[in-house]
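The sequence shown maps to residues 12 to 420 in our numbering.
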Amino acid sequence: MYAAYIAPFGFAPKNTTGRRVMPMARAAAAVGHRVRVIVPPYDDPATYGRRWEEDGVEVTCLSRPRFDGTVVIGAAWTQWRLARAAADLVGQWQPDLVHVFKPKAVSGLAQVLIARRKDRPALVLDLDDWEGRDGWSRNEAYARPLVELFEVQERMGMQRCDAFTAASRLLAERAGRVAASRPALHLPNGFDPAAYAAWAPDRVGSAFRRSLGVGSGASLILIYTRFFDYGLEAWAQVIRGIAERSPTARFLVLGAGKFGQERDLAADMRVSGLAERMSFLGWLPFADIPSALAAADLALMPLADTVANRAKCSPRYIDLMYAGVPVVTTPIGEALTYIRDGETGYVAADASPAAVTAAVLRALAAEGTTEVRRRARARAIDELSWERLTAPLTGLYEGAVARAASGRA
Numbered sequence: 012m013y014a015a016y017i018a019p020f021g022f023a024p025k026n027t028t029g030r031r032v033m034p035m036a037r038a039a040a041a042v043g044h045r046v047r048v049i050v051p052p053y054d055d056p057a058t059y060g061r062r063w064e065e066d067g068v069e070v071t072c073l074s075r076p077r078f079d080g081t082v083v084i085g086a087a088w089t090q091w092r093l094a095r096a097a098a099d100l101v102g103q104w105q106p107d108l109v110h111v112f113k114p115k116a117v118s119g120l121a122q123v124l125i126a127r128r129k130d131r132p133a134l135v136l137d138l139d140d141w142e143g144r145d146g147w148s149r150n151e152a153y154a155r156p157l158v159e160l161f162e163v164q165e166r167m168g169m170q171r172c173d174a175f176t177a178a179s180r181l182l183a184e185r186a187g188r189v190a191a192s193r194p195a196l197h198l199p200n201g202f203d204p205a206a207y208a209a210w211a212p213d214r215v216g217s218a219f220r221r222s223l224g225v226g227s228g229a230s231l232i233l234i235y236t237r238f239f240d241y242g243l244e245a246w247a248q249v250i251r252g253i254a255e256r257s258p259t260a261r262f263l264v265l266g267a268g269k270f271g272q273e274r275d276l277a278a279d280m281r282v283s284g285l286a287e288r289m290s291f292l293g294w295l296p297f298a299d300i301p302s303a304l305a306a307a308d309l310a311l312m313p314l315a316d317t318v319a320n321r322a323k324c325s326p327r328y329i330d331l332m333y334a335g336v337p338v339v340t341t342p343i344g345e346a347l348t349y350i351r352d353g354e355t356g357y358v359a360a361d362a363s364p365a366a367v368t369a370a371v372l373r374a375l376a377a378e379g380t381t382e383v384r385r386r387a388r389a390r391a392i393d394e395l396s397w398e399r400l401t402a403p404l405t406g407l408y409e410g411a412v413a414r415a416a417s418g419r420a
């Protein structure tokens, strides 16, 4: 089969293209499909106009649209021209199927243009977030008209495709409600060996701990967060609760909030008298992350119970499991796809700070941590590999092509 993938944006700073689109494309190419990926790199301008081949996948980064005008109008024009260019490439290539990643912005606009063609190929839509007013838009500072636009794009996008891939069970169920006759494949984010080729997590932890001044008798707890996952006040309560009951605990914050939440947390910790037990790294280059992960005794990845969190599927769980770091999380959404309580990590009773604190203390006191680390790593590599997860993809594609053909008949 000949498939064109339309990514939602560039390779940086966001993860979707590098850690979802490309691994899925490589997995499809590995079983004999011809796959070409179209990347609209408006957020990664250094890659405008580049082309290359990667493990049998042909990658085309669109060229920069030219426009002189206001910032707002220029941004809208850029998105439209990139969508138009993506649709034009699909028209030139004439693939059997187009796999569109995200129903909004550039890829959503491209989906509209492709769907309007009389000779359109089959369309598969990938959902990795609940985008509209009840979901991810609540985490952003979007103007209300833009939120409503994304709401419309999302719903209409689900109605104009032949099949779905969905990063979470909630999104697969939602697709089934909006477009009942179209199949939806639950396809969580998996382990991609190519992403970790430069990692050596078993060789860098001790030196990193020493650089933070963390002694062998202390517990280093990693907080791996974007601050959308779990509220600022909830984080503060969890840290204070752990610090009170575990005098040797130190905290390492890897990540940052879009609105400076890490600075607010640091200020709260100064007021609480815990500043000396905190280290803030911000976001590290991906190749440097194993140093922080290998240094940690435990990682916290709780999710608050929101629509956005129930719908999302963070590849950070795979990072931690591959690095062999025991994870404490909450029983929300796709967290349970990765973490099994007492087996590959620890799951709090609920999403409250008290429950998360109790789970952390249970994890710190648990015996058999080495076995938890081993099972987590093995599950990531073996059970959650992209090769294994994408095994049903060919069947989904064949069904989508048949559906599109019957619609044209």
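Note that the Cβ used here is the ideal one computed from N, Cα and C, for glycine as well.
* Which of helix, strand or coil does DSSP assign to E398? -> Against the sequence shown, residue 398 aligns to sequence position 387. Here E398 sits in helix by DSSP.
* Asked: Does DSSP put D107 in a helix, in a strand, or in coil?
  -> To locate residue 107, count along the sequence shown from 1; it is residue 96. In this structure, D107 counts as coil in the three-state DSSP scheme.
* Contact belief for V32 with F112 at Cβ below 8 Å, rounded distance in angstroms -> In the sequence shown, the residue the question calls residue 32 occupies position 21. In the sequence shown, the residue the question calls residue 112 occupies position 101. Right, the Cβ-Cβ distance comes to about 5 Å (below 8 Å), so this counts as a contact.
* State the DSSP-derived secondary structure class of A71, mapped to helix, strand or coil. => Position 60 of the sequence shown, counting from 1, holds the residue named residue 71. The question names Ala, yet the displayed sequence has Thr at residue 71. The answer is strand: DSSP assigns T71 an E or B state.
* Tell me whether the beta-carbon of P313 lies closer than 7 Å to the beta-carbon of V383. => Taking the sequence shown and counting its residues from 1, the one referred to as residue 313 is at position 302. Taking the sequence shown and counting its residues from 1, the one referred to as residue 383 is at position 372. No. Outside cutoff.
* To the nearest whole angstrom, what separates the beta carbons of A87 and L73, a pair I think is in contact under 8 Å? -> By one-based count along the sequence shown, residue 87 stands at place 76. By one-based count along the sequence shown, residue 73 stands at place 62. So it is not a contact: roughly 16 Å between Cβ atoms.
* To do: Please say whether I250 and L311 have beta carbons closer to each other than 7 Å?
  => Counting from one through the sequence shown, the residue named residue 311 turns up at place 300. Counting from one through the sequence shown, the residue named residue 250 turns up at place 239. Not in contact: L311 and I250 (Cβ atoms no closer than 7 Å).
* To do: Helix, strand or coil for L134, going by three-state DSSP, please let me know.
  => Mapped onto the sequence shown, residue 134 falls at position 123. In the structure shown, L134 sits in a strand (DSSP, three-state: E or B).
* From R92 to V109, what distance separates their C-alpha atoms? -> Counting from 1 along the sequence shown, the entry for residue 92 is found at position 81. Counting from 1 along the sequence shown, the entry for residue 109 is found at position 98. Rounded to whole angstroms, R92 to V109 spans 19 Å at the Cα level.
* **Candidates R414, N26, L160 and G21: closest to A206 by CA position** => Position 195 of the sequence shown holds residue 206. Comparing Cα-Cα distances from A206 to each of R414, N26, L160 and G21, the minimum goes to N26.
* To do: On a CA-only basis, which of E165, A133 and I232 is nearest V264? Give me that one, please.
  => The sequence position of residue 264 within the sequence shown is 253, counting from 1. Closest option to V264, Cα to Cα, is I232.
* Asked: Which value, in whole angstroms, describes the spacing of the CA atoms of A190 and A245?
  -> If you number the sequence shown from 1, residue 190 lands on position 179. If you number the sequence shown from 1, residue 245 lands on position 234. A190 and A245: Cα-Cα distance of roughly 37 Å.
* Cα-Cα separation, E398 to A38 -> Position 387 of the sequence shown, counting from 1, holds the residue named residue 398. Position 27 of the sequence shown, counting from 1, holds the residue named residue 38. Roughly 6 Å separates the two Cα atoms.
* **E9 (DSSP reduced to helix, strand or coil)** => Beyond the ends of the chain as shown, which are 12 and 420, falls residue 9; an answer cannot be given.
* Asked: What's the C-alpha gap between T380 and G293?
  -> As a working mapping, residue 380 is identified with position 369 in the sequence shown. As a working mapping, residue 293 is identified with position 282 in the sequence shown. Each residue's alpha carbon lies about 27 Å from the other.
* Is DSSP giving A420 helix, strand or coil here? -> Looking up residue 420 in the sequence shown gives position 409. Note on A420: pLDDT 48, under 50, position unreliable in the model; the coordinate value appears next. Coil at A420, not helix or strand.
* Asked: Would a C-beta distance cut-off of 7 Å place A98 and L134 closer than the cut-off?
  -> For this step, residue 98 is matched to residue 87 along the sequence shown. For this step, residue 134 is matched to residue 123 along the sequence shown. No; because the gap between Cβ atoms is not below 7 Å, this pair is not in contact.
* **Through-space distance from R127 to A420, alpha-carbon basis** => Counted from its first residue, the sequence shown places residue 420 at position 409. Counted from its first residue, the sequence shown places residue 127 at position 116. For A420, the pLDDT reaches just 48, beneath the cut-off of 50, and the residue's location in the model is therefore unreliable, although a value from the coordinates is still provided. Computed Cα separation, rounded: 16 Å.
* Asked: What alpha helix (DSSP H) runs, 4 residues minimum, are completely inside the stretch 124-193?
  -> 155-170 and 180-189
* Any 3 or more C-beta pairs closer than 8 Å across the stretch 192-204 and the stretch 399-409 -> yes
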